[in-house]
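Student:
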Amino acid sequence: MDIEKRIKSKINEAFHTLYAHTFDENDIKLQPTRKEFKGSYTFVTFPYASITRKNPQASAEEIGNYLKSNSNIIQDFNVVKGFLNLEINHTAWLELFKSIINTPREKHLPYGYQTMHGQKVMVEFSSPNTNKPLHLGHLRNNFLGYSLSRILSAYGYTVRKVNLVNDRGIHICKSMLAYQKFGHGETPASSGIKGDHLVGQYYVRFDQEYKKQVQTLVEQGMEEETAKKQSPLIEEAQEMLQRWEQGDSSVRNLWKTMNQWVYEGFNETYQNIGVSFDKIYYESDTYLLGKDIVEEGLEKGVFFRKEDGSVWVDLADEGLDQKLLLRADGTSVYMTQDLGTADLRYQDNPFDKLVYVVGNEQDYHFEVLFKILGKLERPYAPGLYHLSYGMVDLPSGKMKSREGTVVDADDLVKEMVQTAQAQTEELGKIEGFTEAQAQELYRVLGMGALKYFLLKVDPKKRMLFNPVESVQFQGNTAPFIQYTYARISAILRKAEETGLALTDTKAFAHLETLQPAEAEVIRLMVDFPQKLAMAADEYNPSVLAQYVYELAKEYNRFYTEVSIFNEKDPQALAFRVVFSATTAEIIKNAMDLLGIQVPERM
RNA sequence: GGUCCCGUAGCUCAACUGGAUAGAGCAACUGCCUUCUAAGCAGUAGGUUACAGGUUCGAGUCCUGUCGGGAUCACCA
2 MDIEKRIKSK
12 INEAFHTLYA
22 HTFDENDIKL
32 QPTRKEFKGS
42 YTFVTFPYAS
52 ITRKNPQASA
62 EEIGNYLKSN
72 SNIIQDFNVV
82 KGFLNLEINH
92 TAWLELFKSI
102 INTPREKHLP
112 YGYQTMHGQK
122 VMVEFSSPNT
132 NKPLHLGHLR
142 NNFLGYSLSR
152 ILSAYGYTVR
162 KVNLVNDRGI
172 HICKSMLAYQ
182 KFGHGETPAS
192 SGIKGDHLVG
202 QYYVRFDQEY
212 KKQVQTLVEQ
222 GMEEETAKKQ
232 SPLIEEAQEM
242 LQRWEQGDSS
252 VRNLWKTMNQ
262 WVYEGFNETY
272 QNIGVSFDKI
282 YYESDTYLLG
292 KDIVEEGLEK
302 GVFFRKEDGS
312 VWVDLADEGL
322 DQKLLLRADG
332 TSVYMTQDLG
342 TADLRYQDNP
352 FDKLVYVVGN
362 EQDYHFEVLF
372 KILGKLERPY
382 APGLYHLSYG
392 MVDLPSGKMK
402 SREGTVVDAD
412 DLVKEMVQTA
422 QAQTEELGKI
432 EGFTEAQAQE
442 LYRVLGMGAL
452 KYFLLKVDPK
462 KRMLFNPVES
472 VQFQGNTAPF
482 IQYTYARISA
492 ILRKAEETGL
502 ALTDTKAFAH
512 LETLQPAEAE
522 VIRLMVDFPQ
532 KLAMAADEYN
542 PSVLAQYVYE
552 LAKEYNRFYT
562 EVSIFNEKDP
572 QALAFRVVFS
582 ATTAEIIKNA
592 MDLLGIQVPE
602 RM
């Protein structure tokens, strides 16, 4: 039973009876009643004055009276100006609650999840460079991409998670060159340094040596711009890139070795943060793609060739400008490659939607990419979406790798887990835990706190990462929600010992009244499917993060206000157990959609 | 300079897409553990939604302008 639908249908009926007017039900809008007023759903009558030919207040009174006498779910109503606040009776809430328990078992799906509808979506995220380790910005990307994949899957899509690794190019050659010159054969094994970090050190080393060279050249009287282009180190790196492209075996061997170190490092990080992929694409395999598409575009007259032989697309009619697609010497650029990669992916696994989880500094690139693919009439073009997320700033300002202000992903994860351990030990909450269980708990809490901190903010917005706040475990945080879950788990363990059922709705078939906090929680439970739909439609995990916090908060109010095992009425007692079990299940599932685990005890 | 995004409590974020007296958390202050986990709950205080106009029954939300912050405008990726 969809309660909003039922109310809307009744309102439509009211309009029909009272004012001889009928709506499309989708045009009737309900909103949650604000906390300071009585009621659960509010209907705003201001827009309908011309239909009712009465002032909004009078219309609201009339409609309210109609609903009260003609609907068995409306207990009462009140009118404030043009706002009609509807109170739902307890029996209706109970009925709604029972349908929540029973529906999933019919569908063999968690409550709120949609059955598979056959549409396919590909989600690209992570997409690191192999010249340095992952940092805080990558974490936002990875958590978003992974969470979104889970959300879309729960919403009925067949999801394919892909990663496009940038494993070639001048930046990779820089770390290779520095390693060649200063590495003395060092390896992750010999140095005890994680592979991606080791390679990252040489990338930094290159930059240091390069800067020194430029400075020396400038001191010798060279223009700075010229020095930057003519420094021996940068020329050597460029030469190395050419040799790489020609397939020079010694360069390729070094490249393979160092990239392998990086992949081992990345895999460790991915495992630690709990993300995975169905397919990994490498730019070394895709960077030559797209040239045939350029030919196709020329034939179709979508692109044009300039006198020097370079190929461009003119998007002036779309409000953009001209964009290069192929250099005069026939070599490709980023855009060329992305055109080719899009086709390749569609051939590999045809999709209805493709979501690129990429930072908003590339907004323009994707706008152009999508327009070009549209002009080329690719069947998948309408399903392309750029999930453009904002940067993560630090209290000190922007993260800059060259200035060493980058927050390293591995370090951060380690710190979060350590903080979780310190907090837990301080509270003395690990009585009866084995060492392994305790370690697992710290990991679940620390990672949860980090993921939630990054996911609770609207992805589109830039956000501030305050290290102090991120390790706080009170209030709007994952540990708060996890704590709520753990508390309920304790109740359920006790209930099971007592022989109380966790899903049996018959045990409270005759219950008729609810505590206010219970009705509020049920109200939130009822919202879950819509929240999932919204998160999926808007590609926005923060919707669910916000939601699950509300749910946990409201349950905690119930928890302190209402006793379960001291309840004399066996019907009420049975209800509260099932009610708690259901809350726990929704918390667990919603957190799972965020990629966050919940502990049974903490 | 052109284009795009942003500006909400001291701080970090919400505000159901135009609805009521703009809400949470953190920080501050006050209460609540002999009762199911106090990582909790209840309460107090904190606002000219950057500013100025406009649109309308109604604007944090839409339009115009100003100020402030950011991104982008590469034959880099």
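Going letter by letter, the first sequence gives residues 2 to 603 in our numbering.
All C-beta atoms in this analysis are idealised placements derived from N, C-alpha and C, irrespective of residue type, glycine included.
Which one or two residues does DSSP pair with SER389 in a beta bridge?
Tutor: Walking along the first sequence from the start, residue 389 turns up at place 388. Answer is VAL359.
Student: In this structure, does DSSP put GLN440 in helix, strand or coil?
Tutor: Position 439 of the first sequence, counted from the first residue, corresponds to residue 440. In this structure, GLN440 counts as helix in the three-state DSSP scheme.
Student: Mapping the DSSP letters down to three states, classify GLU88 as helix, strand or coil.
Tutor: Translated into the one-based positions of the first sequence, residue 88 becomes position 87. Note: GLU88 maps to strand in three-state DSSP.
Student: Does the Cβ-Cβ distance between LEU545 and LYS554 come in under 8 Å?
Tutor: The residue labelled residue 545 in the question sits at position 544 within the first sequence. The residue labelled residue 554 in the question sits at position 553 within the first sequence. Contact: no.
Student: Spatial neighbours of GLY65 within its chain, please: C-beta separation below 7 Å, excluding the five flanking residues on both sides.
Tutor: As a working mapping, residue 65 is identified with position 64 in the first sequence. PHE78, VAL80 and LEU85, listed in sequence order.
Student: Could you tell me the distance, in whole angstroms, from the CA atom of THR270 to the CA atom of ALA410?
Tutor: Here residue 270 is taken as the residue at index 269 of the first sequence, counted from 1. Here residue 410 is taken as the residue at index 409 of the first sequence, counted from 1. Rounded to whole angstroms, THR270 to ALA410 spans 8 Å at the Cα level.
Student: So, helix, strand or coil for PRO189, using DSSP?
Tutor: Indexing the first sequence from 1 puts residue 189 at position 188. The answer is helix: DSSP assigns PRO189 an H, G or I state.
Student: Around the Cβ of VAL359, are there at least 16 other Cβ atoms within 10 angstroms (buried) or fewer (exposed)?
Tutor: On the first sequence, position 358 is the one that residue 359 refers to. When all chains shown are included, VAL359 counts as buried.
Student: Name, in chain order, the residues that DSSP records as bridge partners for LEU31.
Tutor: Here residue 31 is taken as the residue at index 30 of the first sequence, counted from 1. PHE44.
Student: How is ASN477 classed by DSSP in three states: helix, strand or coil?
Tutor: For the purposes of this step, residue 477 is taken as the residue at position 476 of the first sequence. Looking at ASN477 - three-state DSSP - the assignment turns out to be coil, as it is neither helix nor strand.
Student: Starting from the C-beta of ARG577, find all residues in its chain whose C-beta is less than 6 Å away, skip the five residues before and the five after it, and write them out in chain order.
Tutor: One-based indexing of the first sequence puts residue 577 at position 576. Correct list, in chain order: ILE565.
Student: Rounding to the nearest angstrom, what Cα-Cα distance links VAL407 and PRO542 in this structure?
Tutor: Walking along the first sequence from the start, residue 407 turns up at place 406. Walking along the first sequence from the start, residue 542 turns up at place 541. Answer to the nearest angstrom: the Cα atoms are 25 Å apart.
Student: Across which residues does DSSP place GLY398 in a beta bridge pair?
Tutor: Against the first sequence, residue 398 aligns to sequence position 397. Its beta-bridge partners are LEU395.
Student: My assumption, with CB atoms under 8 Å, is that THR1 sits in contact with ILE588. Please give the rounded CB distance.
Tutor: Look at the range of the chain in this structure, 2 to 603, and you will see that residue 1 is not part of it.
Student: Based on DSSP bridge pairs, tell me the residues matched to ARG161.
Tutor: Start at 1 with the first residue of the first sequence, and residue 161 comes out as number 160. For ARG161, which the question treats as bridged, DSSP gives the partners MET123.
Student: Quick one, are the C-beta atoms of LEU234 and GLN181 less than 8 Å apart?
Tutor: As a working note, residue 234 is residue 233 in the first sequence. As a working note, residue 181 is residue 180 in the first sequence. Their beta carbons are not under 8 Å apart, which means LEU234 does not touch GLN181 by this criterion.
Student: By DSSP's criteria, PHE78 is part of a beta bridge. Which residues make up the other side?
Tutor: On the first sequence, position 77 is the one that residue 78 refers to. Its beta-bridge partners are LEU87.
Student: Taking a contact to mean a Cβ-Cβ separation below 8 Å, would you say LEU355 touches LEU456 in this structure?
Tutor: As a working mapping, residue 355 is identified with position 354 in the first sequence. As a working mapping, residue 456 is identified with position 455 in the first sequence. No, these two residues do not count as a Cβ contact at 8 Å.
Student: Going by C-alpha to C-alpha distance, which of PHE98, ASN130 and ALA450 sits closest to ASP3?
Tutor: For the purposes of this step, residue 3 is taken as residue 2 along the first sequence, with counting starting at 1. For ASP3, the nearest C-alpha among the options comes from PHE98.
Student: Which full runs of the alpha helix (DSSP H) of 4+ residues lie inside the region 219 to 268, going along the chain?
Tutor: With a minimum length of 4 residues, the continuous alpha helix (DSSP H) runs that stay inside the region 219 to 268 are 225 to 231 and 233 to 247.
Student: Where do the N-terminal and C-terminal ends of the alpha helix (DSSP H) with VAL312 fall, by residue?
Tutor: Position 311 of the first sequence, counted from the start, is the residue given in the question as residue 312. Run containing VAL312: none in the alpha helix (DSSP H); it sits in the beta strand (DSSP E), 312 to 315.
Student: Is there contact between the region 338 to 345 and the region 287 to 300, where contact requires at least three CB pairs shorter than 8 Å?
Tutor: These segments touch.
Student: To the nearest whole angstrom, what separates the beta carbons of VAL414 and MET448, a pair I think is in contact under 8 Å?
Tutor: Reading the first sequence from its first residue, position 413 is the one you call residue 414. Reading the first sequence from its first residue, position 447 is the one you call residue 448. Going by Cβ atoms, the distance from VAL414 to MET448 rounds to 7 Å, so yes, they are a contact pair.
Student: Please report the distance separating the alpha-carbon of GLU513 from that of THR92.
Tutor: The residue labelled residue 513 in the question sits at position 512 within the first sequence. The residue labelled residue 92 in the question sits at position 91 within the first sequence. Those two C-alpha atoms are separated by around 6 Å.
Student: Would TYR158 and GLN120 be called neighbours here (beta carbons separated by less than 8 Å)?
Tutor: The residue given as residue 158 occupies position 157 in the first sequence. The residue given as residue 120 occupies position 119 in the first sequence. Yes, they are a contact pair.
Student: Three or more C-beta pairs closer than 8 Å, one from the region 127 to 138 and one from the region 167 to 174: is that the case here?
Tutor: At 8 Å Cβ cutoff, the stretches touch.
Student: In terms of DSSP beta bridges, what is PHE305 paired with?
Tutor: Here residue 305 corresponds to residue number 304 of the first sequence, with the count starting at 1. Answer is TRP313, bridged to PHE305.
Student: Can you tell me whether DSSP reads ILE281 as helix, strand or coil?
Tutor: To locate residue 281, count along the first sequence from 1; it is residue 280. It is a strand residue.
Student: Which of helix, strand or coil does DSSP assign to HIS172?
Tutor: As a position in the first sequence, residue 172 is number 171, starting the count at 1. Three-state result, HIS172: helix.
Student: Going along the chain, which residues of its own chain have a beta-carbon closer than 8 Å to the beta-carbon of LEU574, five neighbours each way excluded?
Tutor: As a first step, residue 574 is located in the first sequence; it is residue number 573 there, counting from the start. Excluding positions up to five away in sequence, the list reads LEU501, ILE565, PHE566 and GLU568.
Student: Identify, in the order they occur along the chain, each residue of the same chain with its Cβ nearer than 8 Å to the Cβ of ALA487, setting aside the five sequence neighbours on each side.
Tutor: Your numbering for residue 487 matches position 486 in the first sequence. Taken in chain order, the residues that qualify are VAL599, PRO600, GLU601, ARG602 and MET603.
Student: VAL200 and VAL263 look like a contact to me (Cβ under 8 Å); what is the Cβ gap, rounded to whole Å?
Tutor: Here residue 200 refers to the residue found at position 199 of the first sequence. Here residue 263 refers to the residue found at position 262 of the first sequence. Correct: roughly 5 Å between the Cβ atoms.
Student: With the cut-off set at 8 Å, would you say GLY266 and ASP208 are in Cβ contact?
Tutor: Here residue 266 is taken as the residue at index 265 of the first sequence, counted from 1. Here residue 208 is taken as the residue at index 207 of the first sequence, counted from 1. Not closer than 8 Å, so no.
Student: Quick check on the burial criterion: 16 or more other C-beta atoms within 10 angstroms. Buried or exposed for ASN467?
Tutor: Stepping through the first sequence from its first residue, residue 467 is reached at position 466. Looking at its Cβ environment, which holds fewer than 16 other Cβ atoms inside 10 Å, ASN467 is exposed.
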